[in-house]
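Student: Let me give you the structure first, and then I'll get to my questions.
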Amino acid sequence: DRDKLQHSVEVALRKRAVSPERVERMINGIVRQLESQGDADIPTERIGELVMEGLKGLDDVAYVRFASVYKNFREAKDFNAIVGELESEPEHPADQPDDGRGHRVATR
-15 DRDKLQHSVE VALRKRAVSP ERVERMINGI VRQLESQGDA DIPTERIGEL VMEGLKGLDD
45 VAYVRFASVY KNFREAKDFN AIVGELESEP EHPADQPDDG RGHRVATR
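Okay, structure coming up:
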């Protein structure tokens, strides 16, 4: 259900500075991936993983928020583990600033 998917993403992104266009592109991409599988019944786990992948590329805080509900975090160490996972990954190219001419600028 697209509305349920969109609501879940909006809750994770609440008060985050992510453009509605980027959110819509992410949701459209998830819907296309799910439709291309051709299955009428798609496991909730698959949808959750796709949302987490999408949010990871949009906003780290929203990713952690969604993961905390989806993975049912119970303790602070659960948050520490996922934040540690984010910190160990290379920066997403879409998140890197550009030089005004469309070229990405390394920030590290």
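-15 is the number of the first residue of the sequence shown in our numbering; add one for each residue after it. By construction, the Cβ of each residue, glycine as well, lies at the ideal position given by its N, Cα and C atoms. As the structure is a computational prediction, the values presented were derived from the model and not from experiment.
(1) Tell me which residues share the same chain as Val(-5) and place their Cβ nearer than 6 Å to its Cβ, disregarding the 5 neighbours each side in the sequence.
(2) Is Phe63 buried or exposed, if buried means 16 or more other CB atoms sit within 10 Å of its CB?
(3) Return the first residue and the last residue of the alpha helix (DSSP H) that Asn12 is part of.
(4) If we require 4 or more residues per run, which alpha helix (DSSP H) segments fall completely within the region 44 to 73?
(5) Which residue marks the beginning of the alpha helix (DSSP H) containing Lys40, and which one marks its end?
Tutor: In short, the structure shows the following:
(1) none
(2) exposed
(3) Pro4 to Gln21
(4) 44 to 54 and 60 to 72
(5) Thr28 to Leu42
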